[in-house]
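In the working numbering, the protein residues as written are 24 to 258. For glycine and all other residues, C-beta sits at the position ideal for the given N, C-alpha and C.
Below, the structure is given as structure tokens:
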């Protein structure tokens, strides 16, 4: 299946220069993760990890992500900014959880890392085939989760919340497991996008877009794992 974003970027670039490589994507991905970790550590240690920081950086991060998504050629200079904002956001969210649940942050980091590495190995071995059907199913499932969260956000203004999905118990835990599964499916799509970018000879700067997409999924995965652990500790 041809990735529509890759096709879009193809139309915007000439191929006279260097093309994307796996090593290049790996370096840029690790760079963005490193920036996010440094940003998170600085935010936490300087005492700025709070609800206000979480709200402001969440909005700014969302705007930056939309800008990169609509203009992939901007990823080279906007992705580091996104990583900084997400580091601040994750530090703020993690600090809130850590005040109530001892050790939950380290557990969430290790589980997220484990899922990312294991899914990469599974993809590399060819055990999961990311074809058109897989991508369509992943997109539909992701949209379903996004719509659910949006509806709950809208209802919250009226003091209404969707029952059980954010509470401890069987329903809440199962919901989190499903969302984590969908986030993991998105990781496989990210790996496929990287492979397509290299095979189709995308411009070197497109490596930043691939790295950005991977960071977006990892941030989402970490938050969902953190939420799952919170539910399990509440039981």
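Check: Cα separation between residue 88 and residue 105?
Finding: Between residue 88 and residue 105, the C-alpha separation is close to 7 Å.
Item checked: Whole runs of the alpha helix (DSSP H) within the stretch 192-239, excluding any shorter than 4 residues -> Runs of the alpha helix (DSSP H) inside the stretch 192-239: 193-222.
Next item on the list: Would you mind working out which of 214, 256, 248 and 222 sits nearest residue 147, comparing C-alpha positions?
Entry: Residue 214 is the option with its Cα nearest to residue 147.
Next item on the list: Have a look at residue 98 and residue 108 and give me their C-alpha separation to the nearest angstrom.
Entry: Rounded to the nearest angstrom, the two C-alpha atoms are 14 Å apart.
Margin query: Which same chain residues end up closer than 6 Å to residue 232 when comparing Cβ atoms and leaving out the 5 residues on each side of it in sequence?
Written below: 95 and 98.
Checklist line | Same chain only: Cβ atoms within 6 Å of residue 128, ignoring 5 sequence neighbours per side | finding: Here the set comprises 117 and 121.
Margin query: With a threshold of 6 Å on Cβ separation, who are the neighbours of residue 167 within its own chain once the five nearest residues in sequence on each side are excluded?
Written below: Cβ neighbours of residue 167 beyond the five flanking positions: none.
Notebook entry, point to check: Is it right to say residue 123 is buried, meaning 16 or more other beta carbons lie within 10 angstroms of its own, or is it exposed?
Noted result: So residue 123 ends up on the exposed side.
Margin query: Taking the beta carbon of residue 178 as the centre, do at least 16 other beta carbons fall within 10 Å, making it buried, or is it exposed?
Written below: Using a 10 angstroms sphere on the CB of residue 178, the tally of other CB atoms stays under 16, which defines it as exposed.
Check: Looking at the structure shown, is residue 42 part of a helix, part of a strand, or coil, going by DSSP?
Finding: If DSSP states are grouped into helix, strand and coil, residue 42 belongs with the strands.
Note to self: What would DSSP say about residue 94, mapped onto helix, strand or coil?
What the structure shows: DSSP places residue 94 in the coil class of the three-state scheme, outside both helix and strand.
Notebook entry, point to check: Which residues in the same chain as residue 80 place their Cβ atom closer than 6 Å to its Cβ, once the five residues preceding and following it in sequence are excluded?
Noted result: For residue 80, where only same-chain residues beyond five positions count, the Cβ hits under 6 Å are 108, 111 and 112.
Next item on the list: Go ahead and label residue 230 buried or exposed: buried means 16 or more other beta carbons lie within 10 angstroms of its beta carbon, across all protein chains shown.
Entry: Residue 230 is buried by the Cβ-count criterion.
Next item on the list: Return the CA-CA distance between residue 163 and residue 144, expressed in angstroms with no decimal places.
Entry: Computed Cα separation, rounded: 25 Å.
Item checked: residue 77 versus residue 247: straight-line alpha-carbon distance, rounded -> Residue 77 and residue 247 have their C-alpha atoms spaced approximately 16 Å apart.
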